[in-house]
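In the numbering used here, the protein residues as written are 76 to 783.
Structure first, then comments.
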């Protein structure tokens with residue numbers, strides 16, 4: 076039978092736990108059960124107009140001309156298999172895919188498969204598109220994030236049977252602290268009630284170390300089931316530029332376009348941590364919640380934001396019993412009177428208690444209390460700070476004084492990093508050794524998570540003071556900047572191919588790169604700043620940091636106007652940023668200068684790349700017919716130059732752009748020939764992204780030609 080066209084509903088099935096079943100049943104029995112499963116499913120599919128597109132092992136891919144037929148087939152198949160050993164998960168999605176010689180093409184196929192993979196045996200899942208076309212008893216399972224799809228999608232379940240949570244990308248990125256959470260039950264409940272009521276912007280206030288972040292994370296975790304679009308944590312402690320706040324939020328939730336447009340009417344909770352770092356940008360949050368009716372914001376800050384609609388929740392110190400429990404849990408101590416006195420002396424501040432407990436392996440609670448009391452007496456009584464802040468300062472100071480010389484040096488020098496660092500970076504920049512790093516972790520002055528060493532911002536601020544006092548700041552900053560320049564330049568060529576691994580790595584180091592750029596500019600190292608900005612351009616474009624990337628590149632270009640390869644690379648990057656920002660005039664100006672400079676310097680790869688950038692700027696929205704001719708000529712030059720230097724993947728990208736442009740110029744035969752050649756070569760090279768681009772373009776070509 077012919078495959079259906081137009082609006083098609085895809086049905087995907089897969090057996091849950093097939094390797095386990097094979098082991099439990101044995102090969103012969105499993106083979107019989109598998110054959111019966113196929114017979115039952117094929118009977119249900121055929122009865123309702125389904126056509127098999129593909130069958131591999133224990134999985135079916137079937138197309139239906141109607142959503143109702145697909146749903147009935149799924150229901151019959153599920154019911155028929157209820158009593159057997161095999162349980163099948165099923166996913167349905169409706170779309171208008173293109174039908175090419177190789178079968179269906181387009182994101183609808185992938186979406187249907189992802190929905191099916193999210194389910195459990197016996198569960199039938201539907202997309203929003205399928206749900207809208209059927210009359211059935213369904214359960215709304217909320218919005219979920221699917222691999223390779225931006226944003227969240229709504230998923231429905233046929234019937235109301237209870238199943239485990241869907242196996243989708245988590246709709247929360249809340250950190251998972253390694254240590255237990257002690258006390259605060261009342262506070263967690265109150266925060267939940269406020270956010271479930273009229274509070275749209277709730278700010279947890281308190282001094283550093285008072286437990287704002289941990290309380291906010293725990294309260295937000297309790298609210299995950301109530302926000303269908305998810306609960307997301309956005310850390311702002313390393314941010315210094317208020318202009319980057321909105322972009323940082325957008326990155327965290329996967330918003331490619333405008334933040335408000337992306338959120339829309341979604342039920343979403345955002346936890347903005349350490350908002351005092353960019354408090355000047357707080358008014359933007361008011362505009363955001365006014366534009367997004369179901370958005371809730373939970374922020375932590377050492378000060379009020381003082382914006383319209385803000386509700387303050389001052390974070391109290393831990394209750395006496397909770398403070399004792401926390402200290403004893405961390406120090407493995409007994410809750411005696413001395414511990415109670417120690418906790419009261421530390422104002423029951425969570426961070427102060429953790430720092431004190433870290434010394435319990437060498438000091439008794441009584442000894443800790445005696446030593447700390449002297450320092451607390453020196454600081455308390457001053458009128459310039461919150462008493463709790465004075466207590467924390469004294470505790471950190473005491474912890475620092477107990478370090479040996481090498482521990483003090485490394486503790487201070489680690490403040491040069493923003494957003495933490497890897498072991499390799501700590502060794503190269505701060506000349507760290509693993510034993511000393513481990514000692515600082517043991518003493519709660521440093522944390523180790525996901526292969527990174529991190530400092531709480533309160534502790535990092537103290538370390539930074541010591542760092543400035545050391546007199547070694549300039550040399551350390553130089554090593555820091557040079558390290559991240561090397562990293563960016565090492566990453567750059569990898570970002571042109573399969574970029575995810577390297578882009579993820581630069582994502583983790585982005586705050587360090589920002590800091591390095593700031594320092595290079597401040598020290599007048601304009602040549603290094605230009606190199607670093609140019610190397611970061613592909614990352615900024617890939618990860619949608621277009622506004623920041625454009626500002627950084629243009630600033631670096633103004634500071635160093637010498638005709639170098641570094642300048643040409645930065646110009647090409649700035650052109651790409653301007654293109655992404657829809658500023659075609661600036662994109663053309665930068666790209667022209669880059670192309671001229673690359674030609675003068677005899678750099679063929681740079682010539683190819685900048686010619687492609689300039690062609691894109693001309694071809695995207697031509698001001699006159701001659702622009703498309705210029706774009707064609709530039710792309711042909713780009714293809715030839717990439718071929719000469721042996722960069723096959725970049726040649727494929729330039730050829731793809733040329734094919735699309737030729738199609739717009741009416742040269743259909745050349746368009747198709749180039750795309751078919753691209754498809755063949757992408758397959759041979761194993762370049763999945765380029766293969767998909769060619770397939771999609773061929774599908775568009777066939778649609779324009781009226782073929783199915």
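A virtual CB, placed ideally from N, CA and C, is assigned to each residue, including glycine.
Keep in mind the model is a prediction, meaning the values are calculated, not measured.
* Under 9 angstroms between the Cβ atoms of residue 421 and residue 447? -> Along the chain shown, read from residue 1 onward, the residue named residue 421 stands at position 346. Along the chain shown, read from residue 1 onward, the residue named residue 447 stands at position 372. The answer is yes: Cβ separation under 9 angstroms.
* **residue 56 to residue 595 span [Cα, whole Å]** => Lying before the first or after the last residue shown, residue 56 is absent from the chain, which here runs from 76 to 783.
* Asked: What first and last residue would you give for the beta strand (DSSP E) that runs through residue 579?
  -> Translated into positions along the chain shown, residue 579 becomes position 504. From DSSP, residue 579 is part of no beta strand (DSSP E) but of the alpha helix (DSSP H) over 575-583.
* **Burial state of residue 74, where buried means 16 or more other Cβ atoms lie within 10 Å** => Any property of residue 74 remains undetermined from this structure, which presents the chain solely from 76 to 783.
* Asked: In three-state terms, what does DSSP make of residue 453?
  -> What you label residue 453 is simply residue 378 of the chain shown in a count that begins at 1. At residue 453, the pLDDT of 48 sits below 50, so the modelled position is not reliable; the number obtained from the coordinates is stated separately. Residue state, collapsed to three classes: helix.
* Asked: DSSP on residue 367, reduced to helix/strand/coil?
  -> Along the chain shown, one-based indexing puts residue 367 at 292. It is coil, neither helix nor strand.
* Beta-bridge pairing of residue 154 - partner residues as DSSP gives them -> Residue 154 sits at position 79 when you count from the first residue of the chain shown. None, per the DSSP bridge assignment.
* **Beta carbon of residue 108 nearer than 9 angstroms to that of residue 96** => Taking the first residue of the chain shown as position 1, residue 108 is located at position 33. Taking the first residue of the chain shown as position 1, residue 96 is located at position 21. Judged by their CB atoms, residue 108 and residue 96 are nearer to each other than the 9 angstroms cut-off.
* **Close beta carbons around residue 350, own chain, < 8 angstroms, minus the five adjacent residues each side** => Mapped onto the chain shown, residue 350 falls at position 275. The residues are 278, 311, 357, 374, 375, 376, 380.
* Asked: Out of 637, 702, 672, 751, which has the shortest C-alpha to C-alpha gap to residue 660?
  -> If you number the chain shown from 1, residue 660 lands on position 585. If we check each option's Cα against that of residue 660, 702 comes out closest.
* Short check: CB of residue 200 to CB of residue 233, under 9 angstroms? -> Taking the chain shown and counting its residues from 1, the one referred to as residue 200 is at position 125. Taking the chain shown and counting its residues from 1, the one referred to as residue 233 is at position 158. Yes; because the gap between Cβ atoms is below 9 angstroms, this pair is in contact.
* Cβ atoms of residue 489 and residue 501: under 9 angstroms apart, would you say? -> Taking the first residue of the chain shown as position 1, residue 501 is located at position 426. Taking the first residue of the chain shown as position 1, residue 489 is located at position 414. Yes.
* Give the range of the beta strand (DSSP E) segment to which residue 310 is assigned. => One-based indexing of the chain shown puts residue 310 at position 235. Per DSSP, residue 310 belongs to the beta strand (DSSP E) from 306-310.
* Asked: Between which two residues does the alpha helix (DSSP H) harbouring residue 195 extend?
  -> For the purposes of this step, residue 195 is taken as the residue at position 120 of the chain shown. Careful: residue 195 lies outside any alpha helix (DSSP H) and carries neither H nor E.
* To do: Following the continuous beta strand (DSSP E) through residue 529, name the residue where it begins and the one where it ends.
  => For the purposes of this step, residue 529 is taken as the residue at position 454 of the chain shown. That run of the beta strand (DSSP E) goes 527-529.
* Just mark residue 484 as buried or exposed, buried being the case when its beta carbon has 16 or more other beta carbons within 10 Å. => Your numbering for residue 484 matches position 409 in the chain shown. Around the Cβ of residue 484, a 10 Å sphere holds 16 or more other Cβ atoms; the residue is buried.
* To do: Classify residue 762 as helix, strand or coil using the three-state DSSP reduction.
  => Residue mapping note: residue 762 aligns to position 687 of the chain shown, counting from 1. Three-state result, residue 762: coil.
* Asked: When DSSP labels each residue in this structure, what does residue 128 get in the three-state scheme?
  -> To locate residue 128, count along the chain shown from 1; it is residue 53. In this structure, residue 128 counts as strand in the three-state DSSP scheme.
* Asked: Roughly how many whole angstroms lie between the Cα atoms of residue 566 and residue 581?
  -> As a working note, residue 566 is residue 491 in the chain shown. As a working note, residue 581 is residue 506 in the chain shown. Going from the Cα of residue 566 to the Cα of residue 581 covers about 8 angstroms.
* Cutoff 6 angstroms; reference residue 745; Cβ partners in own chain excluding five residues on either side -> Counting from 1 along the chain shown, the entry for residue 745 is found at position 670. Answer for residue 745: 737, listed in chain order.
* To do: For residue 456, I'd like the list of residues in its chain whose CB is within less than 6 angstroms of its CB, leaving aside the five on either flank, ordered along the chain.
  => Position 381 of the chain shown, counted from the first residue, corresponds to residue 456. Low confidence applies here, because residue 456 scores a pLDDT of 42, under 50, leaving its location unreliable; read the following figure in that light. Correct list: empty, nothing qualifies.
* Asked: Do residue 616 and residue 648 have their CB atoms nearer than 9 angstroms?
  -> Sequence index remark: in the chain shown, residue 616 carries index 541 (1-based). Sequence index remark: in the chain shown, residue 648 carries index 573 (1-based). Yes, the pair counts as a contact, with Cβ atoms nearer than the cut-off.
* Asked: Quick one: any contact between the region 362-370 and the region 389-400, if contact means 3 or more CB pairs under 8 angstroms?
  -> no
* What are the boundary residues of the beta strand (DSSP E) that residue 356 is part of? -> Walking along the chain shown from the start, residue 356 turns up at place 281. It is not in any beta strand (DSSP E) - residue 356 carries neither H nor E in the DSSP assignment.
* Going straight from the alpha carbon of residue 121 to that of residue 748, what length do you get? -> Counting from one through the chain shown, the residue named residue 121 turns up at place 46. Counting from one through the chain shown, the residue named residue 748 turns up at place 673. Approximately 38 angstroms, taken between the alpha carbons.
* Based on the DSSP output, what are the partners of residue 388 in its beta bridges? -> Numbered from its first residue, the chain shown carries residue 388 at position 313. Answer is 279, bridged to residue 388.
* Is DSSP giving residue 477 helix, strand or coil here? -> Numbered from its first residue, the chain shown carries residue 477 at position 402. If DSSP states are grouped into helix, strand and coil, residue 477 belongs with coil.
* Could you check where the beta strand (DSSP E) with residue 219 kicks off and where it finishes? -> Stepping through the chain shown from its first residue, residue 219 is reached at position 144. Per DSSP, residue 219 belongs to the beta strand (DSSP E) from 213-220.
* Taking three-plus beta-carbon pairs below 8 angstroms as touching, is the region 465-482 in contact with the region 530-546? -> yes
* To do: State the Cα-Cα distance for the pair residue 100 and residue 166, rounded to the nearest angstrom.
  => Looking up residue 100 in the chain shown gives position 25. Looking up residue 166 in the chain shown gives position 91. Whole-angstrom Cα-Cα distance: 26 angstroms.
* Asked: Around the C-beta of residue 207, are 16 or more other C-beta atoms found within 10 angstroms, so that it is buried, or is it exposed?
  -> Looking up residue 207 in the chain shown gives position 132. Exposed is the call here.
* Following the continuous alpha helix (DSSP H) through residue 112, name the residue where it begins and the one where it ends. => Position 37 of the chain shown, counted from the first residue, corresponds to residue 112. It spans 102-122 - the alpha helix (DSSP H) in which residue 112 sits, taken as one unbroken run.
* Taking only the alpha-carbon atoms, compute the straight-line gap between residue 406 and residue 435 and give it to the nearest angstrom. => The residue given as residue 406 occupies position 331 in the chain shown. The residue given as residue 435 occupies position 360 in the chain shown. About 5 angstroms.
* To do: Within 10 angstroms of the Cβ of residue 760, are there 16 or more other Cβ atoms? Answer buried if so, exposed if not.
  => Looking up residue 760 in the chain shown gives position 685. Exposed, since its Cβ has fewer than 16 Cβ neighbours within 10 Å.
* Asked: Can we say the region 79-97 touches the region 132-147, given the rule of at least three CB pairs closer than 8 angstroms?
  -> Touching, yes, given that three or more Cβ pairs across the two stretches are closer than 8 angstroms.
* Asked: The beta strand (DSSP E) with residue 166 in it runs from where to where?
  -> Locating residue 166 in the chain shown gives position 91, counting from the first residue. Run containing residue 166: 163-170, per the beta strand (DSSP E) assignment.
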